[in-house]
Amino acid sequence: MSTQQQAALQSALGAAKQAATLAPAAQIAHTMTSFNCYACHERDQQGGVERSRNAWFLSNQKEMGDEGRIPPTLTGVGGKLKSQWLKHVFDQGAKDRPYMFTRMPKFGSENTGQLVQLLQSNDKPAVAKEIKTDVALRKLKASGRQLAGAQAFSCIKCHSFGKFKATGIQAMALTTMTQRLNEDWFHQYMLNPQAYRPGTRMPASWPNGQVLLPKILDGTADTQIHALWTYLLDGDKAAVPSGLQNNPIELIAYDEPVLYRNFIEGAGPRAIGVGYPAKVNLAFDAQNLRLAVLWHNAFIDASKHWVGRGPGYQRPLGDNILTLPDVVTFAVLESPDAKWPQQKARELGYRFRGYRLDDQQQPTFMYEVHGARIEDKPEPMNDDQFAPLRRHIKVTSPKAIDGMYYRVVGGNVKQLGDGWFEVDGTWKTRVDGLDPAQLIVRKIDGKTEVLVPLAVAREFVQEYLW
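Encoded structure:
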């Protein structure tokens, strides 16, 4: 073309109207049409599996019906899935429904990357729920685990959990829920699954907001769903719900405590586990003469030690596990500001003298410290959910015990009212049976310790609230 013709063409192109920018909904539809997403997925009443091809969509979980073989609807998916998970699915394809034979292709960010932002900006997010609770994190997780287990809503009947298969159909893994889903969407879905997926086999555990298990936490649907989500945040590291362990030998305390003497995680090789009917449990370290671990709900699974050669340490079966410091509880100090000894009980000359059972089969642990006889009797304070523990301490000695102390607690300690101390922001303790002014609260190496001088008190009670 001549120079004049080129200039005329450039002028005409410059004067032409620019194509109008498509609205997000139209851009989504255009992209889904371009990559034939509608062949498998329905969105906003468009697309979905055609009748002529329906029979080719198969599953090995026939009990799940269409949910097990037909790819899910994409209506509202921008409010359902987290942005990073949407990107993962577009880049890597989807393998989260192993029972579904149809596979999601890997489209790659260069082709579908814009869909992530478009879907999230176009799709209305679920109504947010502001959950206010002062329940400690350990207790929330413990309650969430209980809700997922076989003694509550039995989520594990249909959903796999990490390496553990579900006991029934093998629906999507519980351990990936919080990676995939937005919390607000999860919360609303749990309240009314049918509203989000009509015809789903997912039961409504909180139908119309009603609570079927009112004794768990504050008895409200919102708090219970929040607890379930908090528990699932741990993913594969979350404690396994009850009902999934292979061939467990669970020791259960019915009318009286159950004792289990073996290797217990956190309590050493000479541990004495005690499970109380109130669902309060402890492990006493008979080697270092200390209360080592406290926990709630299920007591212990003895299968590790009662089957085969029984190697290794057994983890507490329950939850809300509190592991206490591995130091001796009693010591003689040269002065009130001397450091607490770090040696083991045997190195200090202490001796374990066994335990005796009362008429309710509750144990009192007995040991000797510098010639003084210690009687140490723990027991639950009530049978409420997450009941506190009371520890009765009695010291007898034929001679003066000046300079001997009982270590109540040590660490990041905050003094509260009514004699209570908060430890590491997660649990509380106090000493009953003596004037709080008699306690010694001291700073050692940047940590706070609370001591009872046995010269002024030989019998008292320590309470644990965790």
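Numbered as in the numbering used here, the sequence shown ends at 482 without a single skipped number. Glycine included, C-beta positions come from ideal geometry on N, C-alpha and C.
Query: What are the uninterrupted segments assigned as alpha helix (DSSP H) that are 4 or more residues long and contained completely in the stretch 262-325, given in chain order?; Result: 319-322
Query: Use the C-beta contact count for Ala23: other C-beta atoms within 10 angstroms, 16 or more gives buried, fewer gives exposed.; Result: exposed
Query: For the alpha helix (DSSP H) containing Ile409, list its first residue and its last residue.; Result: No alpha helix (DSSP H) holds Ile409; the beta strand (DSSP E) holding it covers 405-412.
Query: Buried or exposed, going by whether 16 or more other CB atoms sit within 10 Å of the CB of Thr246?; Result: buried
Query: Is it true that the CB of Pro264 sits closer than 8 Å to the CB of Asp317?; Result: yes
Query: So, for Leu244: in the same chain, excluding its five sequence neighbours on each side, which residues have a beta-carbon less than 7 Å away from its beta-carbon?; Result: Gly160, Leu163, Ala164
Query: CB-CB under 6 Å to Phe180, same chain, minus the five flanking residues each way: which ones, in chain order?; Result: Leu260
Query: Which value, in whole angstroms, describes the spacing of the CA atoms of Pro285 and Ile172?; Result: 33 Å
Query: For Thr128, which residues in the same chain have their Cβ closer than 8 Å to its Cβ, ignoring the five residues on either side in sequence?; Result: Thr47, Phe51, Phe106
Query: From Leu266 to Leu333, what does the alpha carbon distance come to, in whole angstroms?; Result: At residue 266 the sequence reads Glu, which differs from the Leu that was named. Roughly 8 Å between the two C-alpha positions.
Query: Near Val143, what residues of its chain come up, given a Cβ to Cβ distance below 8 Å and the 5 sequence neighbours on each side ignored?; Result: Asp200, Gln204
Query: Thinking C-alpha only, which one of Thr89, Thr445, Asp60, Glu438 is nearest Gly215?; Result: Thr89
Query: May I ask you to report which of helix, strand or coil DSSP gives His104?; Result: helix
Query: Ala437 by DSSP, collapsed to three states: which one?; Result: In the sequence on display, residue 437 carries Phe and not Ala. Phe437 falls in the strand class under three-state DSSP.
Query: Are there three or more Cβ pairs, one per stretch, closer than 8 Å when the stretch 412-432 is compared with the stretch 461-475?; Result: yes
Query: Return yes when the Cβ of Val411 is within less than 8 Å of the Cβ of Gln431, no when it is not.; Result: no
Query: Considering only residues of the same chain and omitting the five flanking positions on each side of Asn398, which have a CB-CB separation below 8 Å?; Result: Ala294, Pro404
Query: How long is the line joining the alpha carbons of Arg474 and Lys155, rounded to whole angstroms?; Result: 34 Å
Query: Whose CA, out of Ala45, Arg446, Lys78, Trp72, lies closest to the CA of Arg59?; Result: Ala45
Query: Would you tell me roughly how many angstroms separate the C-alpha atoms of Pro352 and Ile288, rounded to the nearest one?; Result: 32 Å
Query: The beta strand (DSSP E) with Leu373 in it runs from where to where?; Result: 367-373
Query: The alpha helix (DSSP H) spanning Asp200 covers which residue range?; Result: 199-207
Query: Is the CB-CB distance between Arg306 and Leu275 below 8 Å?; Result: no
Query: Tell me which residue opens and which closes the alpha helix (DSSP H) that Gln376 is part of.; Result: Looking at the DSSP string, Gln376 is not in any alpha helix (DSSP H), and its letter there is neither H nor E.
Query: So Val4 and Gly282 are supposed to be a Cβ contact under 8 Å. How far apart are they, rounded?; Result: Coverage of the chain is limited to positions 17 through 482, which leaves residue 4 absent and any answer about it impossible.
Query: For the alpha helix (DSSP H) containing Asp238, list its first residue and its last residue.; Result: 237-248
Query: When the distance is taken between beta carbons, is Gln330 closer than 8 Å to Asn278?; Result: yes
Query: Between the Cα of Lys393 and the Cα atoms of Pro452, Val477, Pro87, Gly94, which residue gives the shortest distance?; Result: Val477
Query: Once DSSP output is grouped into helix, strand and coil, what is the label at Gly426?; Result: strand
Query: Beta-carbon within less than 6 Å of Glu79's beta-carbon, same chain only, minus the 5 sequence neighbours each way: which residues are those?; Result: Ile185
Query: Between the stretch 105-125 and the stretch 217-233, do at least 3 Cβ pairs fall closer than 8 Å?; Result: no
Query: For the candidate residues Val447, Gly94, Gly92, Phe381, whose alpha-carbon lies nearest to that of Gln303?; Result: Phe381
Query: Using a Cβ-Cβ cutoff of less than 6 Å, which residues in the same chain neighbour Glu438 once the five nearest sequence positions on both sides are dropped?; Result: Lys430, Leu432, Lys444
Query: Quick one, are the C-beta atoms of Ala347 and Tyr421 less than 8 Å apart?; Result: yes
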